[in-house]
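**Student:** Sharing a structure below in structure tokens format, with a few things to ask.
Protein chains in written order, with the numbering used here: chain A, 11 to 491; chain B, 11 to 491.
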């Protein structure tokens, strides 16, 4: 970040800090205090100090006293005078930086997945930032902010802005066949927060165990555990959750992704939907529907949300993260009426509601059909990328078995038995490509068949064959060991 | 919200929903399906349908079939044709609305405080929306969004954007004498989420009980309980927390607001600060510092944050809610290094990080000194409002005893013994003024001496005498019963 070096641009709030020195009339205490502030880290390296005459006036000292203090501290190496730019707290020496702190150096692949740097990222669930309509979003953000009455520019309604709840209720009804009302919608910070809020509300209601798909989006299991619930994994196949294996009791909820199970991409078929809802009704189980990427569907048949079949038994979770941008952290819950109040209260005591201005921005885009236009624009782009990924796999890695291609931003790719996925991952990473081991999404990773999640969302179509070629090389390299 | 009625403006995504009807060639099934969609609430009242020729083309039907379906449904009252505007799902009859659902009508004063409508709001902690620099914020939001590399317009770092963590570490050091590094800062959705994350991390570390000030900001007790901890109230007086009453064991943390206890406004004095830190060190207790409104200080002596005295024993919480706007939900944690990792992980599994774009916007304002300029602009405004409130109380309500005036956006106003604060509140509300019963912030509200929180932040200076006059009338009215 560039610092503006104009004379008026030193941080004026620095004066508040330095004012604490008021009353000192000698240079020595000022020197000592400034040195202590630098040594203790209160004044960070690079901080620009006020010009001596400004500081002198603020502290009620003569300017010469301040100049003397600055001169001494520059001589001692605490401050730095830069010609024409001012006086700064001196940056730490270069060679001190690497050894700073006591952190062990870790291999990038050991870091949280989203923080691993890589030239090409084939992670699941990442949309293409280039497709985000920045100018449109900024324009509507400004318009939303300017239109907001003063009385509403305050703490948000913890359920979310009414305009967005209305727009979402209508949108979800049209596009996902969700049956809800604005009073039952709670805006939250993505599906993950939605799940955390629902799980804690369930825990408070006495629920202890929740069915999850196996595999399912791995981090959700940790979110569930942190909310005090125990996940009960039930296998998934190409037809979605294997409902025949559902327990007959002892669980109070079930988290399912009926439209596009993650990461296998299975879709819950009609017969299983009915069986799942019947099971939920019979045992008084709440179904938690994770509808994370359903807007990105590439075949002609829309798969309606499960919620529409049984609105009283399903709490629906969705977000703008895949369809629009995960940087916004905009998500939503559509809850049965009996649960909506508890979720509102939970959200209130958790964070007092989500940021208001981007809520109003998103509401404007929904109301004006801009979001639908965005989806119509990006769907064919992602479909072509998916087709490119499938074609490249067929040509370069015929032994791989891709699945889950009907929707979303990723493929689930089974690799031949015996492949060491960790070695493939390392070899691919050494060649600039970051891939995801599908096993991390399994309840028992050691037992998972070798597979990767191949996210094609954030790569241009033209780069996909190259990425798959690198994957082939990585596979050959890992297999050769 | 106004709906754009231009012909192209019907929600194009409606087609996705209606496409499910493809293949029907008779008007009767189309009529039935549309009727079912309206009855079930999937098509909400007011939804605009596509023009008949567009829908016919999409569904592969002849237009006459669609027109016939529309005509029948209009005749039956499901749809509404508006001349020149299109065909809409008919709004529900007016008289059906009030009885809808099974909610009891509640008095506005029984609703959550922030949702109670009122002409004048004297709530604590509300800044003036008119002072929020909308144009400046929108300009920097746009600039931040446009400058962001594609690679960063994705899931945020769960700790927060690096630019903001750097800017906050420097800012907090300068202005609050906080000693921290960008690696120890976690950006969160306000102090409330910061507290929730800290409490859950403590609970996971085995902590069961946490000292809270009595009184303290009431909702924090509920946030603490929901995180699985038990609050242990310790009395506060004008000198802040009464450290002599701190327990000698059995608590793992203490939540304090040393600069400006809420709502009494007490400031922890120097001797008590030292005693508190010594107690924390002796018993291995983590101090949680709630520094919610410290930037708004009206006397000349800045009160440094407690954190600077003992960075290894204090986790610091702050936000932009009082100093800037609570609509943004921007807050921050500066944690001891040993806790920062756990909070990062907690934030990741809670909501995968806070919204990125407003983080970068706020970072720009901090880096460029714009935030400091904002504070210099608003401090004198709030100080004049505080002075007006004190003057009006002295003149109109000499029996009231205001306290906590040195900082923030509210006064704590003791009322004469025996006053029925609930009755005063109702009488004030009937006269258009919403006030806050201070007792809700006490651990045992029934035992609290009669007092109100008088927030002057969101009222123009000129309106304050009138508001206090209404309060006097309300007091007289309530006393006369």
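The C-beta atom is built at its ideal place from N, Cα and C for all residues, glycine as well. Note that the structure is predicted; figures quoted are calculated from it, not measured.
In chain B, which residues lie with their C-beta within 8 Å of the C-beta of residue 439 of chain A?
**Tutor:** On the first chain, residue 439 of chain A is found 429 positions in, with the first residue counted as 1. Near residue 439 of chain A there are no residues of chain B at all, since even the closest Cβ is about 16 Å away, more than 8 Å.
**Student:** At a CB distance below 9 Å, what residues from the region 84-101 of chain A approach chain B? Give them in sequence order.
**Tutor:** When C-beta distances to chain B are compared with 9 Å, every residue of the region 84-101 of chain A stays at or above that value.
**Student:** Within its chain, find whatever has a CB closer than 7 Å to the CB of residue 309 of chain A; leave out the 5 residues flanking it on each side and keep chain order.
**Tutor:** Locating residue 309 of chain A in the first chain gives position 299, counting from the first residue. Hits under 7 Å: 416.
**Student:** Between which two residues does the beta strand (DSSP E) harbouring residue 265 of chain A extend?
**Tutor:** Residue numbering aside, residue 265 of chain A sits at position 255 when the first chain is read from its first letter. Counting along the chain, the beta strand (DSSP E) containing residue 265 of chain A begins and ends at 263-266.
**Student:** Starting from residue 198 of chain B, follow its DSSP beta bridges and name the residues at the other end.
**Tutor:** Stepping through the second chain from its first residue, residue 198 of chain B is reached at position 188. Among the bridge pairs identified by DSSP, residue 198 of chain B is matched with B:341.
**Student:** Is there a C-beta anywhere in chain B that falls below 7 Å from the one on residue 187 of chain A?
**Tutor:** Counting from one through the first chain, the residue named residue 187 of chain A turns up at place 177. By this cut-off, residue 187 of chain A is an interface position.
**Student:** Anything in chain B within Cβ reach of residue 62 of chain A, meaning under 9 Å, just list it in chain order.
**Tutor:** As a position in the first chain, residue 62 of chain A is number 52, starting the count at 1. None at all; the shortest Cβ gap to chain B is about 18 Å.
**Student:** With a threshold of 7 Å between beta-carbons, can residue 50 of chain B be considered close to chain A, or not?
**Tutor:** By one-based count along the second chain, residue 50 of chain B stands at place 40. Output row for residue 50 of chain B: interface = yes.
**Student:** Would residue 280 of chain B and residue 52 of chain A be called neighbours here (beta carbons separated by less than 7 Å)?
**Tutor:** Against the second chain, residue 280 of chain B aligns to sequence position 270. Against the first chain, residue 52 of chain A aligns to sequence position 42. Contact: no.
**Student:** Using DSSP's beta-bridge definition, name the partner residues of residue 329 of chain B.
**Tutor:** On the second chain, residue 329 of chain B is found 319 positions in, with the first residue counted as 1. Note: residue 329 of chain B sits in a beta bridge opposite B:341.
**Student:** Secondary structure at residue 156 of chain A, three-state DSSP: helix, strand or coil?
**Tutor:** Stepping through the first chain from its first residue, residue 156 of chain A is reached at position 146. Helix, per DSSP.
**Student:** Checking 7 Å against the spacing of the C-beta atoms, do residue 345 of chain B and residue 434 of chain B come in under that value?
**Tutor:** Position 335 of the second chain, counted from the first residue, corresponds to residue 345 of chain B. Position 424 of the second chain, counted from the first residue, corresponds to residue 434 of chain B. For the pair residue 345 of chain B and residue 434 of chain B, the CB atoms are not nearer than the 7 Å cut-off.
**Student:** Which partner residues does residue 58 of chain B have in the DSSP bridge list?
**Tutor:** Within the second chain, residue 58 of chain B is the residue found at index 48, counting from 1. BP columns for residue 58 of chain B point to B:98.
**Student:** Are there 16 or more other CB atoms within 10 angstroms of the CB of residue 215 of chain A, so buried, or fewer, so exposed?
**Tutor:** What you label residue 215 of chain A is simply residue 205 of the first chain in a count that begins at 1. Exposed: under 16 other Cβ atoms inside 10 Å.
**Student:** Leaving out the 5 sequence neighbours to the left and right, which residues in its chain are closer than 7 Å to residue 392 of chain A when beta-carbon positions are compared?
**Tutor:** Reading the first chain from its first residue, position 382 is the one you call residue 392 of chain A. For residue 392 of chain A, where only same-chain residues beyond five positions count, the Cβ hits under 7 Å are 306, 419, 467.
**Student:** Are residue 243 of chain B and residue 222 of chain B close, meaning C-beta to C-beta below 7 Å?
**Tutor:** Within the second chain, numbered from 1, the residue matching residue 243 of chain B stands at position 233. Within the second chain, numbered from 1, the residue matching residue 222 of chain B stands at position 212. Between residue 243 of chain B and residue 222 of chain B, the C-beta spacing is below 7 Å.
**Student:** In its own chain, which residues sit with a C-beta less than 7 Å from the C-beta of residue 502 of chain A, not counting the 5 before and 5 after it?
**Tutor:** Examination of residue 502 of chain A is not possible in this model, given that chain A is present from 11 through 491 alone.
**Student:** Could you tell me whether the Cβ of residue 444 of chain B comes closer than 7 Å to any Cβ of chain A?
**Tutor:** Here residue 444 of chain B is taken as the residue at index 434 of the second chain, counted from 1. False, the Cβ-Cβ gap to chain A never drops below 7 Å.
**Student:** Is it the case that the Cβ atoms of residue 460 of chain B and residue 423 of chain B are separated by a distance below 7 Å?
**Tutor:** Working through the second chain from its first residue, we reach residue 460 of chain B at position 450. Working through the second chain from its first residue, we reach residue 423 of chain B at position 413. The answer is no: Cβ separation not under 7 Å.
**Student:** Is the shortest distance between the beta-carbon of residue 219 of chain B and the beta-carbons of chain A less than 7 Å?
**Tutor:** Numbered from 1 along the second chain, position 209 holds the residue referred to as residue 219 of chain B. No, residue 219 of chain B does not count as interfacial toward chain A.
**Student:** Put residue 378 of chain A into one of helix, strand or coil per three-state DSSP.
**Tutor:** Sequence index remark: in the first chain, residue 378 of chain A carries index 368 (1-based). It is coil, neither helix nor strand.
**Student:** Rounded to the nearest angstrom, what separates residue 203 of chain A and residue 380 of chain B at their Cα positions?
**Tutor:** If you number the first chain from 1, residue 203 of chain A lands on position 193. If you number the second chain from 1, residue 380 of chain B lands on position 370. Computed Cα separation, rounded: 32 Å.
**Student:** Between the C-alpha atoms of residue 455 of chain B and residue 219 of chain B, what's the straight-line distance to the nearest angstrom?
**Tutor:** For the purposes of this step, residue 455 of chain B is identified with residue 445 of the second chain, where counting begins at 1. For the purposes of this step, residue 219 of chain B is identified with residue 209 of the second chain, where counting begins at 1. Their backbone Cα atoms lie some 21 Å apart in a straight line.
**Student:** So residue 83 of chain A and residue 76 of chain A are in contact, right, with Cβ under 8 Å, and what is the actual spacing, rounded?
**Tutor:** The residue you call residue 83 of chain A lines up with position 73 of the first chain. The residue you call residue 76 of chain A lines up with position 66 of the first chain. So it is not a contact: roughly 11 Å between Cβ atoms.
**Student:** When you compare the region 328-338 of chain A with the region 154-172 of chain B, are there three or more beta-carbon pairs, one atom per stretch, that lie closer than 8 Å?
**Tutor:** Touching, yes.
**Student:** Using the DSSP secondary-structure output, state which residues sit across from residue 130 of chain B in a beta bridge.
**Tutor:** As a position in the second chain, residue 130 of chain B is number 120, starting the count at 1. DSSP, once it has assigned bridges, lists B:443 as partnering residue 130 of chain B.
**Student:** At a CB-CB cut-off below 7 Å, which residues of chain A make contact with residue 163 of chain B?
**Tutor:** As a working mapping, residue 163 of chain B is identified with position 153 in the second chain. Within 7 Å Cβ-Cβ: 139, 142, 335, 337.
**Student:** With a CB to CB cut of under 6 Å and the five nearest residues on each side skipped, what residues in its chain are close to residue 284 of chain B?
**Tutor:** Counted from its first residue, the second chain places residue 284 of chain B at position 274. Here residue 284 of chain B has no same chain residue with a Cβ atom under 6 Å from its own Cβ, once five neighbours each way along the sequence are excluded.
**Student:** Please determine, among B:247, B:236, B:289, the residue with the shortest C-alpha to C-alpha distance to residue 259 of chain B.
**Tutor:** Residue numbering aside, residue 259 of chain B sits at position 249 when the second chain is read from its first letter. Looking at the Cα atoms, B:289 is the closest of the given residues.
**Student:** Report the option in B:94, B:72, B:99, B:73 whose CA atom is closest to the CA atom of residue 45 of chain B.
**Tutor:** On the second chain, position 35 is the one that residue 45 of chain B refers to. The shortest Cα separation from residue 45 of chain B among B:94, B:72, B:99, B:73 belongs to B:99.
**Student:** Give me the chain A residues within the contact set of residue 151 of chain B, using Cβ-Cβ distance strictly less than 7 Å, ordered along the chain.
**Tutor:** Residue numbering aside, residue 151 of chain B sits at position 141 when the second chain is read from its first letter. Correct list: 148, 151.
**Student:** Distance cutoff 7 Å, beta carbons only. Does residue 359 of chain A sit that close to anything in chain B?
**Tutor:** Counting from one through the first chain, the residue named residue 359 of chain A turns up at place 349. Closer than 7 Å: yes.
**Student:** Could you round the C-beta distance between residue 180 of chain B and residue 57 of chain A to whole angstroms and report it? I think they count as a contact, below 8 Å.
**Tutor:** Counting from one through the second chain, the residue named residue 180 of chain B turns up at place 170. Counting from one through the first chain, the residue named residue 57 of chain A turns up at place 47. Confirmed, about 6 Å.
**Student:** Run down chain A in chain order and give the residues with a C-beta less than 8 Å from the C-beta of residue 122 of chain B.
**Tutor:** The count along the second chain starts at 1 and reaches residue 122 of chain B at position 112. Those within 8 Å of residue 122 of chain B in chain A are 168, 358.
**Student:** Which residue marks the beginning of the beta strand (DSSP E) containing residue 243 of chain A, and which one marks its end?
**Tutor:** Reading the first chain from its first residue, position 233 is the one you call residue 243 of chain A. First-last of the beta strand (DSSP E) with residue 243 of chain A: 240-247.
**Student:** Kindly examine the ligand PLP and report whether one of its heavy atoms sits closer than 6 Å to the Cβ of residue 293 of chain A.
**Tutor:** By its list of ligands, the structure shown contains no ligand whatsoever, and the ligand PLP lies outside what it can speak to.
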